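J.: Taken in order, these protein sequences are the chains called A, B and C.
First residue of the first sequence? That's 1 in UniProt numbering, and the numbers climb one at a time after it.
First residue of the second sequence? That's 1 in UniProt numbering, and the numbers climb one at a time after it.
First residue of the third sequence? That's 1 in UniProt numbering, and the numbers climb one at a time after it.
Beta carbons: idealized from backbone N, C-alpha and C, even for Gly.
Note that the structure is predicted; figures quoted are calculated from it, not measured.
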Amino acid sequence: MTSSTPAPGTGARVRRERTRATGLRRGDAAAGWLFTAPVIVILGVFLAVPVLMALWVSFSDWGGRGSPFSGDVDFVGFDNYTAILAGGGLAERDFGIALRNNAWYVLLVVPLQTALSLFLAVLVNRAILRGRGFFRTAFYFPSVTSSVAITVLWLFLFSATGVVNKVLAAVGIAGPNWFNDPTGVVHNLLGVIGITSGPTALTDADLLGVSLWDWLAGPSVAMSAFVLMAVFTTSGTFMLLFLAALQNLGGDVTEAAMMDGANGWQRFWRVTLPRLKPTLFTVLTLGLIGCWQVFDQIYTGTQGGPSKTTLTPAYLSYTAAFNSQDWGQGAAIAFILFLIIVAFTLIQRWILRDRPVSKRRAAAYLPKATKTTDGMTR
Amino acid sequence: MTTSTLADRTIGGTDGGSRPTRRRRPTGTIAAQSVLYAILVVLAVVYIFPFLVQVATSFKTDADAAANPVSLIPGTWSAAAYERLFAGSDFPVWFANSALVTVFVTLGRVFFDSLAGYALARLQFRGRNVVFAALVAVMSVPLVVLLIPKFLVINQLGMYDSYAGMILPLLVDAAGVFIMKNFFESIPTSVEEQARIDGAGTFRVFWSVVLPMARPALITIIILSFQGSWNELSHFIVATQSPELTTLTKGVASLASGQLSQGTQYPLKLAAAAIMTIPVAVMFFIFQRRIMNASEGAVKE
Amino acid sequence: MQSRQHRRTWAAGALAAVGALTLAGCGTGFSGGSSDEGGSGGLTSSDDSLSILIGSSGDAETTAVEDAVAAWSEDSGIDAEVSVANDLPQQLSQGFAAGEPADVFYLSTDYLAGYAGNGSLLAYGDELSNADDFYPSLVQNFTYEDDFYCAPKDFSTLSLIINTRLWEEAGLTDADVPATWDELADVAGRLSTDGRVGLGIGAEYQRVGVFLAQAGGGLVNEDGTEAIASSPENLEALEYVQQLITDGSLAFAPALGAGWGGEAFGKELAAMTIEGNWITGGLSADYPDTEYTVAELPAGPAGQGTLQFTNCWGIAADSPNQEGALDLIEYLTSTASQLAFSEAFGPMPSTESAAADWTEANPELAPFLAGADYAQGMPTADGSIDVITDFNAQLETLGDADIEALLESVQSNLEAVVG
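1. At a Cβ threshold of 7 Å, is C/Asn86 touching chain B?
2. Once the 5 residues before and after B/Glu185 are set aside, which same chain residues still bring their CB inside 7 Å of it?
3. If distances are taken between C-alpha atoms only, which option among C/Gly217, C/Asn118, C/Ile78, C/Ala116 comes closest to C/Leu407?
4. Closer than 7 Å by beta-carbon distance: list the chain B residues that pair up with A/Gly318, in chain order.
5. Using a Cβ-Cβ cut-off of 7 Å, state whether B/Asn231 counts as contacting chain A.
6. Along chain C, which residues have their Cβ under 7 Å away from the Cβ of B/Asn155?
7. Along the segment 61-72 of chain B, where does the CB come closer than 9 Å to a CB of chain A? Name the residues.
8. Report yes if the C-beta distance between C/Asp382 and C/Gly117 is below 7 Å; otherwise report no.
9. Any Cβ of chain A within less than 7 Å of the Cβ of C/Gln140?
10. Shorter than 7 Å from the beta carbon of C/Ala393 to some beta carbon of chain A?
11. Check C/Ala340 in the structure and name its three-state DSSP category.
12. Taking A/Trp33 as the query, report the chain B residues whose CB atoms sit under 7 Å from its CB, ordered along the chain.
13. Answer with buried or exposed for A/Trp104, where buried requires no fewer than 16 other C-beta atoms within 10 angstroms of its C-beta.
14. If you drop the 5 nearest sequence neighbours on each side, which residues of the same chain put their C-beta closer than 7 Å to that of C/Phe265?
15. Could you please tell me which residues of the segment 145-176 of chain A, in chain order, have their CB closer than 7 Å to any CB of chain C?
16. Spell out a yes or no on whether the segment 219-232 of chain A and the segment 101-115 of chain A are touching, meaning 3 or more CB-CB pairs, one atom from each, closer than 8 Å.
17. Quick one, are the C-beta atoms of C/Asn141 and C/Gly377 less than 7 Å apart?
18. Closer than 7 Å between beta carbons: that is the criterion. Which residues of the segment 204-224 of chain C meet it against chain B?
19. By how many angstroms is the C-alpha of A/Thr300 removed from the C-alpha of B/Ala256?
20. Under 7 Å Cβ-Cβ, which residues of chain A neighbour B/Val101?
21. Could you tell me the distance, in whole angstroms, from the CA atom of C/Gly305 to the CA atom of C/Ser159?
22. Are the C-beta of A/Leu90 and some C-beta of chain C separated by less than 7 Å?
23. Answer yes or no: does any C-beta atom of chain A fall closer than 7 Å to that of C/Ala416?
24. What are the boundary residues of the beta strand (DSSP E) that B/Lys181 is part of?
25. What three-state label does DSSP hand C/Cys150 in the structure shown?
26. Counting only Cβ-Cβ distances shorter than 8 Å, please list the residues of the segment 295-308 of chain A near chain B, keeping chain order.
27. At a CB distance below 8 Å, what residues from the segment 38-54 of chain A approach chain B? Give them in sequence order.
28. Please classify A/Asn177: is it buried, with 16 or more other beta-carbons within 10 angstroms of its beta-carbon, or exposed?
29. Are the segment 208-221 of chain B and the segment 112-128 of chain B touching, with three or more C-beta to C-beta distances below 8 Å?
30. Could you work out which residue in A/Gln325, A/Arg353, A/Leu55, A/Leu280 is closest to B/Lys150 when comparing CA atoms only?
31. Against chain C, which members of the segment 240-261 of chain B pass a CB distance test of less than 7 Å?
32. As a quick exercise: from C/Thr397, C/Leu297, C/Asn392, C/Asp126, pick the residue whose alpha carbon is nearest that of C/Ala366.
33. Please classify C/Gly266: does DSSP put it in a helix, a strand, or coil?
34. Just to confirm the assignment: which complete alpha helix (DSSP H) runs, minimum length 4, are found wholly within the segment 158-217 of chain C?
35. Any idea which residues DSSP pairs B/Met159 with across the strands?
36. Under 7 Å, Cβ to Cβ, is there at least one residue of chain C near A/Arg100?
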């Protein structure tokens, strides 16, 4: 990247143009590259190079000793990818399980956190009396704490005789043994109505080594606790985004709609929500990207257990490389994950694509939305 | 505050759509407001209670914590967890490491992000658009992809298991550059032009004229960098191995998976989690207004 | 892979190689080619200080190892520093990949194959002056592709741990200590009360495996060349365990809200547990008031059976001072050192010559050592750790599992990595 830096002198024509344009921009080219150099170098070395390196490792048989570029390391084509996607062995099944767990996680967390944060934003936005700041603070506070600290807290709250189960017991519900319960929520619900085993059509067919019936197991009870944790910790951040967007909308639109006689609910759906589309897009995108990368919580909390039901592709990638010495497979998992994230983002961008009218509106508050979110999720 | 009327209708106004303003229906409004506040209070309790439990439990004995997890007042007050953390473990080292890394990363990001943000917003140079596009592309790379090769690069540079390896890779972040660029684009160019006419160099203009004006955005960067580096885990997992370079996140994570302790020892773990929450909490309360208004302010300025 | 060439005694190698490989050992260039090691032969030697990476069970273990290493340092004049890993496998992997591993480290049987397979380990077993003194079964555990890689550090077996007070309260006497599966089922049933099970164990092959062994089964055959997970013996064993779960007299630790068997035992959520030597340290630290007896595990249809666990002292192939490392390890595996470790944190010496002294010092723990006669080791084939992890995941739901299908899946996974 740095090689494309124009050597002093090559940009003479450019500089002349600039000088003409702004009068006093003689040193801009040099300064521009100088100012951006630290960022380019650091991101290049610690982001771009590792990505390329990981890409190479995912196509190699590097075993974890010495440099992956040494002569002993061979190119093995798509071997690592096929082992994961069609190997028929444990590697494929582990990846299938991890993908299933994470898919359910995404399926629950993304809508829940989006809905809850929008709900909170609407509530807080509406509260004009005393306490508005207090509520905002209360809802946002979990977002600033680290995932490690929250996971530790969550392990305590959701332990067998922990706070959550005591509270549930107080209202007459026998709570599950959260982080040690590997049973799937959907399977459990089906069990309540007497369905304990799936039709052979589902149990016999499998995808990535996991039977379709097991794909439909739902998140395990343990994973559900992580789902609640994710909703708890992220809803505050996204609430702020929605809050900002709501305040930007102002009253004019709503008043116009009121003249039409639409009631509150209709106005929300027909007028407010469409206006929030850009923010909605930001929230959904960030939610998706974040949810497919669950790592800290699993590393700190369950290490994939119970019964691998909290295994995620990110964590699997880590253990495959660092614990099982399957570095190529670990890197391959990471890249498949990367592709999944990109695909989801594109699909969702397509679904939520804007009509030109609201795009102009969007321009009014998109920059600020981007601002807050990008940083806070890091 | 016309926005409030919008929200009035969204939640409470199922029956009152035809009435345009609150003033005309005082009784209904009071009822609606009561319901609203009831919901808000319940939710706030749900959000705050876990943290109260955390602090309370850290002062309990192990047995008390197991027997009365919900109680917010310890049966017998015990600072044993804190004593064990500070006198009997590496916790102070972890804390010092986290603090050190956080300070350097925050300083670095404030400086480098604003420098690059300024260049991208103001300086006309060939390749600017390429740099910007690359930046956006980098932001979309999921960080877990980097877990495996990052330490190889760090090692190749001879920085593995050192403060340099912990700090340097975190020293800039694409999102921060993005924020600064957006901010610089929002302020008028007239002041800079004046300084330039007076003969100030580009860096001088940036340092003495533009940067002081960027305080709100800089505070945003400070908050985000502080929070980000204090809470970072995976980078430190792959960048270090020595006990003396362990940070709070890494240390507490190992505590949680039972390295230091046999058995559950929840007071100990929750005390550690509580202490590691304090600095970000303090940061949060100092800059609270700024955080809350981060989004609102940015556009209006 | 390389060890057969390394026949020279360490003393001779030390003199010959001083300085010669020091520089090469520091750079990554050395790590690149395992092929050129065959030519040079011998161990590396230098004045470099040694780094020792251990995964410690607690302060007692850390202090004991530090003291022993410090004593050796004083004798040998070579500096050595002990570090405690947060996450040993991960830190080892990073060290190997970086070309700068710790010189000497704990290495469990689980990871031997992976590291030996990628050339990270020095196979120095045959060069040990006390090589013949180790239990053959332990040597077998650290032999990969016919090379004896590393010296067993110590070992543990599993025994039945009984809460003496609860035992007596249930009206049981010493004569009731179970010797057969039926007797075990009987006493476990009698010890089960509301809120407590008779037997509480970890939900993992590393505990449940004792029943497989007692039934005459296991995961791999004796020389580790064939997967036997789906054998009828294993089926019988798991059906027995499942029956105990159904009866309510056995539960897994997580189901009891405990992290491991020792915690369930200490909290009296279980009146008996199956654990190894390390439980003595855990109980005296966290539950000092618990009184317990250690008994040999009951015999199953195929007689007595238990599992044994062991770590070895690994030496990195990239270590610049392998001579020093070897000397250190000979010191650490000497009878005196091992007895000191045993006293500090409970494991049993890995050398036969220390057995008598150990039994004399720990008469109440004798059942652990007795288990050594009939203990099975963990499978060591590359990838078996993943198979066991998967097996463990399935064992958690053993209570209502289809055992045949479960064993069948373990079998097919195992076949992929064994042989």
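T.: So, from the data block:
1. One-based indexing of the third sequence puts residue 86 of chain C at position 86. Yes, contact with chain B.
2. Locating residue 185 of chain B in the second sequence gives position 185, counting from the first residue. Excluding sequence positions up to five before and after B/Glu185, its CB lies within less than 7 Å of the CB of Ala121, all in the same chain and listed in chain order.
3. Position 407 of the third sequence, counted from the start, is the residue given in the question as residue 407 of chain C. For the residues C/Gly217, C/Asn118, C/Ile78, C/Ala116, the minimum Cα distance to C/Leu407 belongs to C/Gly217.
4. For the purposes of this step, residue 318 of chain A is taken as residue 318 along the first sequence, with counting starting at 1. In the sequence under discussion, the amino acid at residue 318 of chain A is Tyr, which differs from the Gly named in the question. Chain B residues near A/Tyr318: Leu147.
5. One-based indexing of the second sequence puts residue 231 of chain B at position 231. For B/Asn231, the answer is yes, since a Cβ of chain A falls inside 7 Å of its Cβ.
6. Position 155 of the second sequence, counted from the first residue, corresponds to residue 155 of chain B. Under the 7 Å cutoff, chain C gives Ala98.
7. Ala65, Ala66, Ala67, Asn68, Pro69, Val70
8. What you label residue 382 of chain C is simply residue 382 of the third sequence in a count that begins at 1. What you label residue 117 of chain C is simply residue 117 of the third sequence in a count that begins at 1. In this structure, C/Gly117 lies closer than 7 Å to C/Asp382 by Cβ.
9. Translated into the one-based positions of the third sequence, residue 140 of chain C becomes position 140. Not an interface residue.
10. As a first step, residue 393 of chain C must be located in the third sequence, where it is residue number 393. So, interface residue.
11. By 1-based counting over the third sequence, the position of residue 340 of chain C is 340. Correct three-state label for C/Ala340: helix.
12. Position 33 of the first sequence, counted from the first residue, corresponds to residue 33 of chain A. What A/Trp33 touches in chain B: Phe125.
13. Your numbering for residue 104 of chain A matches position 104 in the first sequence. Looking at its Cβ environment, which holds 16 or more other Cβ atoms inside 10 Å, A/Trp104 is buried.
14. Here residue 265 of chain C corresponds to residue number 265 of the third sequence, with the count starting at 1. Cβ neighbours of C/Phe265 beyond the five flanking positions: Ile161, Asn163, Gly200, Thr273.
15. Ser159, Ala160, Thr161
16. Two segments are said to touch when three or more pairs of C-beta atoms, one from each, lie closer than 8 Å; by this definition the segment 219-232 of chain A touches the segment 101-115 of chain A.
17. Start at 1 with the first residue of the third sequence, and residue 141 of chain C comes out as number 141. Start at 1 with the first residue of the third sequence, and residue 377 of chain C comes out as number 377. Yes. Within cutoff.
18. none
19. Taking the first residue of the second sequence as 1, we reach residue 256 of chain B at position 256. Taking the first residue of the first sequence as 1, we reach residue 300 of chain A at position 300. Taking C-alpha positions only, B/Ala256 is separated from A/Thr300 by approximately 6 Å.
20. Taking the second sequence and counting its residues from 1, one reaches residue 101 of chain B at position 101. Correct list: empty, because the minimum Cβ distance to chain A is about 13 Å.
21. Working through the third sequence from its first residue, we reach residue 305 of chain C at position 305. Working through the third sequence from its first residue, we reach residue 159 of chain C at position 159. About 10 Å.
22. Sequence index remark: in the first sequence, residue 90 of chain A carries index 90 (1-based). Chain C, which has a Cβ nearer than 7 Å to the Cβ of A/Leu90, makes this yes.
23. In the third sequence, residue 416 of chain C corresponds to position 416, counting from 1. So yes, C/Ala416 belongs to the interface.
24. Walking along the second sequence from the start, residue 181 of chain B turns up at place 181. Where B/Lys181 is concerned, there is no enclosing beta strand (DSSP E), although the alpha helix (DSSP H) it sits in stretches over 174-186.
25. Taking the first residue of the third sequence as position 1, residue 150 of chain C is located at position 150. Coil, per DSSP.
26. Phe295, Asp296, Tyr299, Thr300, Gly301, Gln303
27. Answer set for the segment 38-54 of chain A: Pro38, Val39, Ile40, Ile42, Leu43, Val45, Phe46, Leu47, Ala48, Val49, Pro50, Val51, Met53, Ala54.
28. Numbered from its first residue, the first sequence carries residue 177 of chain A at position 177. Buried is the call here.
29. yes
30. The residue labelled residue 150 of chain B in the question sits at position 150 within the second sequence. Comparing C-alpha distances from B/Lys150 to each of A/Gln325, A/Arg353, A/Leu55, A/Leu280 shows the shortest one belongs to A/Leu55.
31. If the cut-off is 7 Å between Cβ atoms, the segment 240-261 of chain B has Gln241, Ser242, Pro243, Thr246, Lys250, Ser254, Gly258, Gln259 near chain C.
32. Locating residue 366 of chain C in the third sequence gives position 366, where the first residue counts as 1. Checking every option, the nearest Cα to that of C/Ala366 belongs to C/Leu297.
33. Position 266 of the third sequence, counting from 1, holds the residue named residue 266 of chain C. Correct three-state label for C/Gly266: helix.
34. 164-169, 181-191, 205-214
35. Looking up residue 159 of chain B in the second sequence gives position 159. Per DSSP, none; premise fails for B/Met159.
36. Within the first sequence, residue 100 of chain A is the residue found at index 100, counting from 1. With 7 Å as the cut-off, A/Arg100 does not count as an interface residue toward chain C.
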